[in-house]
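Residue 208 in the numbering used here sits at position 207 of the sequence shown; the count goes up by one each step and never skips.
Glycine included, each C-beta is placed from N, C-alpha and C at the ideal position.
Source: prediction; values computed, not measured.
Right, one structure below, let's go through it.
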Amino acid sequence: MADVARTAGVSAQTVSRTLRDSPNVNPETRRRVLDAVEQLGYRLNNAARVLSSGRSFTIGLVLLQSGGYYSRSAVTAGVEAAAGHAGYAVNIATIAGLDTGLMERALSKLADQGVDGIIIAVPLISVTQKMEDITRDIPTVTLDGSRTAGARVLGIDQLEAGRLATQHLLDLGHRQVWHVSGPDEWIEARQRLQGWQECLAAAGIDAPPALEGDWSPDSGYRQGQIIAMIPDVTAVFAASDEMAFGIIRALRERGRSVPEDVSIVSVDDIALAAYCSPPLTTVRQDFYRSGQAAVELLLDPDGANASVVPASLSVRASTAAPRSH
């Protein structure tokens, strides 16, 4: 750093501020410093940085290996973009299933690596004492996932997402709404199902039995084959876009068109939803922005303990009034 400072004709502190992207460096000075960095091939010594600051400048991210490829990739990209902008690296720990033992090991691994904070994007319902201890000692943010006493929570209102999707179909004139839910061990799945039930109850409608999927298009396809054999079904709320894709295919193979015969609404609004045939009506979740916001919340010691984003509906061509209406 001293070599860069001499070459650029500035102090070592100015070099440090420039490389940390501080706003308190004028453009001409920044240019000279960056030219010197390029000329000398200078790279930050992270080990020295850790020793001098007592921080690792890394964030841990816990992910589930299964359960929505698009959402997982978008969250990861958002976390890495925001972390990189703030000068942090990201260490990722994935777990194979929704198991508290696997979660404990993932959190312990990140703690042993000395991460400065942890983002949990895994929706475990059960929380152990060891998980509580780690997330109390290390700043933690959860994305609609595991709730611990020390963690701050970020996400959309999943209950409202279920109500919003269901009410949209009722407002179109459908007298009953069926539901293909996510796995029961997921918090989001339970909350969306509850929102669906509460919306129907408020309208004086007895909810039919929910059909459980696993977030995959294949599980939506299997449940869609069942739905296709029930002639009275005119509206379905699927708990994820990927399951909705499978439902639509199953209905079409059985000679039932969307939305003329059956309207479909779902949750997530992944990039493919707008290019489905027909384009999918869905409750929006901005996974990339959620990843960014999780980092921002994690690095803000004065941030709120919970940040709930209102659910919003993207209305497209997969929903319409029933024929009888």
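Residue i (DSSP reduced to helix, strand or coil)
i: Phe238; result: strand
i: Val128; result: coil
i: Arg223; result: helix
i: Leu173; result: coil
i: Arg153; result: strand
i: Gly118; result: strand
i: Leu314; result: strand
i: Gly205; result: coil
i: Phe228; result: Inspection of the sequence shows that residue 228 is occupied by Ile rather than by Phe. Ile228 falls in the helix class under three-state DSSP.
i: Ile249; result: helix
i: Leu65; result: strand
i: Ile139; result: coil
i: Glu254; result: helix
i: Glu199; result: helix
i: Ala90; result: strand
i: Ser74; result: helix
i: Ser212; result: Here residue 212 is Leu; the residue named in the question, Ser, does not match the sequence. Looking at Leu212 - three-state DSSP - the assignment turns out to be strand.
i: Leu99; result: coil
i: Leu300; result: coil
i: Ser182; result: strand
i: Pro23; result: A quick correction: the sequence has Ser, not Pro, at residue 23. Ser23 falls in the coil class under three-state DSSP.
i: Ser308; result: strand
i: Thr320; result: coil
Option in the options with minimal Cα separation from residue i
i: Tyr71; options: Gly292, Ser325, Ser319, Arg106; result: Gly292
i: Gly183; options: Gly174, Leu173, Ser220; result: Ser220
i: Leu281; options: Asp270, Arg290, Arg176; result: Asp270
i: Leu155; options: Val266, Ile135, Ser308; result: Ser308
i: Trp179; options: Asp233, Lys131, Phe246; result: Asp233
i: Arg324; options: Gln40, Gly174, Ile135; result: Gly174
i: Ser267; options: Phe288, Val296, Ser258, Ala236; result: Ala236
i: Met132; options: Thr95, Leu103, Val16, Ser264; result: Leu103
i: Val181; options: Pro140, Val296, Ala229; result: Ala229
i: Val34; options: Ser319, Ser23, Gly98, Ala6; result: Ala6
i: Glu39; options: Arg56, Ile227, Leu20; result: Leu20
i: Gly85; options: Asp22, Ile249, Ile227; result: Asp22
i: Ala322; options: Ser315, Val310, Leu170, Ile227; result: Leu170
i: Cys200; options: Arg176, Ile96, Pro218; result: Arg176
i: Ala297; options: Ala202, Pro140, Phe246, Asp172; result: Per the sequence shown, the amino acid found at residue 297 is Glu instead of Ala. Among Ala202, Pro140, Phe246, Asp172, the Cα nearest to that of Glu297 belongs to Pro140.
i: Ser315; options: Thr15, Val284, Gly115; result: Val284
i: Asp117; options: Ile96, Gly98, Ala97, Val91; result: Val91
i: Asp262; options: Gly98, Ile231, Phe246; result: Ile231
i: Ile96; options: Tyr222, Arg73, Gly247; result: Arg73
i: Asp113; options: Tyr89, Gly98, Asp138; result: Asp138
i: Gly98; options: Glu186, Val259, Asp287; result: Glu186
i: Ala87; options: Thr30, Ile157, Gln226, Arg18; result: Arg18
Cβ distance (whole Å) where residue i is taken to contact residue j below 8 Å
i: Thr143; j: Ala150; result: Actually they do not touch by this definition, with Cβ atoms about 12 Å apart.
i: Leu212; j: Gln198; result: The Cβ separation is near 14 Å, so there is no contact.
i: Ala312; j: Ala162; result: 4 Å
i: Thr167; j: Phe238; result: 5 Å
i: Val26; j: Leu64; result: Not really, about 36 Å apart at Cβ, beyond 8 Å.
i: Arg164; j: Gly214; result: Actually they are not in contact, since the Cβ atoms of Arg164 and Gly214 sit about 20 Å apart, beyond 8 Å.
i: Asp145; j: Ile188; result: 7 Å
i: Thr101; j: Ser127; result: 5 Å
i: Leu160; j: Gln130; result: So it is not a contact: roughly 28 Å between Cβ atoms.
i: Leu299; j: Ile120; result: 6 Å
i: Asp4; j: Leu62; result: About 35 Å; that fails the 8 Å criterion.
Any C-beta of chain D under 8 Å from that of residue i
i: Val178; result: Checking the listed chains, one finds no chain D in this structure; it contains a single protein chain.
Exercise. Are the region 240–250 and the region 271–283 in contact at 8 Å, needing three or more beta carbon pairs?
Worked result: yes
Exercise. For the region 258–298, which segments carrying the beta strand (DSSP E) assignment without a break, of at least 3 residues, lie completely within its bounds, in sequence order?
Worked result: 264–269, 282–285
For this session: Would you be able to state if there are at least three C-beta pairs under 8 Å between the region 72–84 and the region 98–116?
Result: no
Exercise. So, do the region 248–257 and the region 198–210 have three or more beta carbon pairs nearer to each other than 8 Å?
Worked result: Counting Cβ pairs under 8 Å, fewer than three are found: no touch.
For this session: Answer yes if the region 292–303 comes into contact with the region 79–93, meaning at least three C-beta pairs across the two stretches below 8 Å, and no otherwise.
Result: With the cut-off at 8 Å, the region 79–93 and the region 292–303 touch.
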